[in-house]
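Numbering of the sequence shown is given in numbering that gives the first Met the number 0, commencing with residue 0 and proceeding in unit increments.
Note that the Cβ used here is the ideal one computed from N, Cα and C, for glycine as well.
Here is the structure we will look at, set down as structure tokens.
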Amino acid sequence: MIGKSSEDMSPPALGERVHPRDIVLVVDDSPETLSFLTHALEESGVTVLVAVDGTAALHLMEQITPDLILLDAVMPGLSGFETCRRLKQNDDLAHVPVIFMTGLTETEHIVKGLEAGGVDYVAKPIVVDELMARMRVHLTNARRTQDARIALDTAGRFLLAVSGDGRILWNTPQAAKLLKQFYPALEEQDFRLPPDLAAWITRAAASGRNATGWTVGDATARLELSYLGQVRADEHVLRLSGAQPGGEVALLRQRLSLTAREAEVLIWLARGKSNRDISDILTISPRTVNKHLEQIYEKLGVENRASATALAVRALSDQ
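Rendered as structure tokens:
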């Protein structure tokens, strides 16, 4: 039951108002709750959208994306928990903060809401001042995060964030396209990376920025993932890069008079890979890698990896 004291119904002071351009979606099956919250939010300068159940809310968000969602946890039909899980699976909606409204204050229900993707909860009966304070915090955080991601998208960055168990939390559009080239079943797998890749993330988190990268594919088309760091308790940021060395192999063969295999080894050497990494990538033994490097050094007239890398970079960039 929503509290309706005169203190609760008073709108926040002008200096405490939520940003006027914010759109808040209120999802609740109680007409009384919808009326109360609509009045309180509109008094604070917010544009309010209303849905009476989870299915209606999801349909509404196909047309317009709110800045924040106030979601009743327990509703007939599609529960608030399931509604939140579904919208978090949508790349276009995953960034929208969800605050659960619930009379269920037991720890298990609070945890269930957070695990579904909620950022916070308010207990019923709702105190308007507390609700507004929580909304301001989450709207500000969401706006800053979204602005940063838009900047990354515009810059063409291949970045994504994942949880420790491999669940994709957010990604730039470029990263999504590249990732799905190599993992086309991601959507069917609830946007979770394969277990072996999730295990690598755990190891990389322990090693930090010194973690060895992850590669998948073959010599003609490979995906490389680099671990950038941990930004929250269970949010790890990765950088993706697509490696398609076919054209580069031909270029190095022509300009440096190398064989195809020597050119492949030199390309991966120039990308900072160790002999063991090159061995794994090209599926040849480390001993064979060493032999190719000896031949490369002799043909290029150099004595070490750094010099060979410099010549390779120069040959590839001088196009």
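Note to self: Rounded to the nearest angstrom, what separates glutamate 261 and leucine 299 at their Cα positions?
What the structure shows: When rounded, the distance between both Cα atoms is 11 Å.
Margin query: Please report the distance separating the alpha-carbon of threonine 64 from that of leucine 265.
Written below: Threonine 64 and leucine 265: Cα-Cα distance of roughly 48 Å.
Item checked: Three-state class that DSSP yields for alanine 122 in the structure shown -> DSSP places alanine 122 within a strand segment (E or B) once states are collapsed to three.
Next item on the list: Report the three-state DSSP secondary structure of aspartate 66 (helix, strand or coil).
Entry: Of the three classes helix, strand and coil, the one that applies to aspartate 66 here is coil, per DSSP.
Next item on the list: Could you check the C-alpha separation between leucine 181 and leucine 192 for me, to the nearest Å?
Entry: Strictly speaking, residue 181 in this sequence is phenylalanine, with leucine absent from that position. Cα atoms of phenylalanine 181 and leucine 192: separation of roughly 11 Å, rounded to the nearest angstrom.
Margin query: Counting beta carbon pairs with one atom in the stretch 228-237 and one in the stretch 247-255, are three or more of them shorter than 8 Å?
Written below: Contact between the stretch 247-255 and the stretch 228-237 is absent, because fewer than three Cβ pairs lie under 8 Å.
Item checked: Which residues DSSP lists as bridging valine 73, in chain order -> Partner(s): none; valine 73 has no beta bridge.
Notebook entry, point to check: At what residues does the beta strand (DSSP E) containing tyrosine 226 begin and finish?
Noted result: For tyrosine 226, the enclosing beta strand (DSSP E) starts and ends at 221-231.
Notebook entry, point to check: Would you report the Cα separation of threonine 37 and aspartate 128, rounded to the nearest angstrom?
Noted result: Taking the straight line from one Cα to the other gives about 14 Å.
Item checked: Closest residue to lysine 111 among Leu130, Asp91, Ala269, Gly79 (Cα-Cα distance) -> Of Leu130, Asp91, Ala269, Gly79, the residue nearest in Cα terms is Gly79.
Item checked: Same chain, Cβ closer than 7 Å to alanine 307, five either side skipped, listed in chain order -> Leu265, Leu268, Ile295, Tyr296, Leu299, Val301, listed in sequence order.
Note to self: Out of Ala122, Ala205, Leu281, which one is the CA nearest neighbour of alanine 328?
What the structure shows: It is not possible to answer for residue 328, since the shown part of the chain is limited to 0 through 318.
Next item on the list: With a cut-off of 8 Å on the beta carbons, I'd call methionine 74 and glycine 44 a contact; round off their distance for me.
Entry: In fact, because the Cβ distance is near 27 Å, the residues do not count as touching under 8 Å.
Next item on the list: State the beta-bridge partners of phenylalanine 99 as determined by DSSP.
Entry: BP columns for phenylalanine 99 point to Leu70, Tyr120.
Next item on the list: Whole angstroms is fine: what's the gap from glycine 116's alpha carbon to alanine 205's?
Entry: Glycine 116 and alanine 205 have their C-alpha atoms roughly 25 Å apart.
Next item on the list: Go through its chain and collect everything with a Cβ distance to arginine 85's Cβ below 7 Å, but skip five positions before and after it.
Entry: Only Leu57 meet the Cβ criterion.
Note to self: Cutting at 6 Å between CB atoms, please list the residues of its own chain near serine 225, excluding the five before and the five after it.
What the structure shows: Excluding sequence positions up to five before and after serine 225, its CB lies within less than 6 Å of the CB of Gly212, Arg238, all in the same chain and listed in chain order.
Notebook entry, point to check: Looking only at its own chain, which residues have a Cβ that is under 7 Å from the Cβ of aspartate 174, when we skip the five neighbours before and after it?
Noted result: Per the sequence shown, the amino acid found at residue 174 is alanine instead of aspartate. The beta carbon of alanine 174 lies closer than 7 Å to those of Phe157, Leu158, Leu159, Leu239 in the same chain, with the five residues before and after it left out.
Next item on the list: Along the beta strand (DSSP E) that carries leucine 24, what are the first and last residues, could you check?
Entry: Under the DSSP assignment, leucine 24 falls in the beta strand (DSSP E) whose first and last residues are 22-26.
Item checked: Buried versus exposed, by CB contacts within 10 Å (16 or more), valine 136 -> By the 10 Å Cβ count, valine 136 comes out exposed.
Next item on the list: State the DSSP-derived secondary structure class of glutamate 302, mapped to helix, strand or coil.
Entry: Coil at glutamate 302, not helix or strand.
Next item on the list: Determine, using beta carbons only, whether threonine 46 and isoleucine 68 come nearer to each other than 7 Å.
Entry: Contact flag unset, no.
Notebook entry, point to check: Taking C-alpha atoms, which residue in Asp279, Thr258, Arg270 lies nearest to histidine 291?
Noted result: The option with the nearest alpha carbon to histidine 291 is Thr258.
Margin query: Using the three-state DSSP reduction, which class does arginine 191 fall into: helix, strand or coil?
Written below: In this structure, arginine 191 counts as strand in the three-state DSSP scheme.
Check: Which of the three DSSP states, helix, strand or coil, is assigned to alanine 262?
Finding: Here alanine 262 sits in helix by DSSP.
Next item on the list: For proline 285, collect the residues of the same chain with a Cβ closer than 7 Å to its Cβ; drop the 5 residues on either side in sequence, then sort them by chain order.
Entry: Contacts found: Asn274, Arg275, Ser278.
Margin query: So the candidates are Gln62, Thr282, Leu77; which of them puts its Cα closest to the Cα of aspartate 27?
Written below: When the alpha-carbon of aspartate 27 is set against those of Gln62, Thr282, Leu77, the nearest one is in Leu77.
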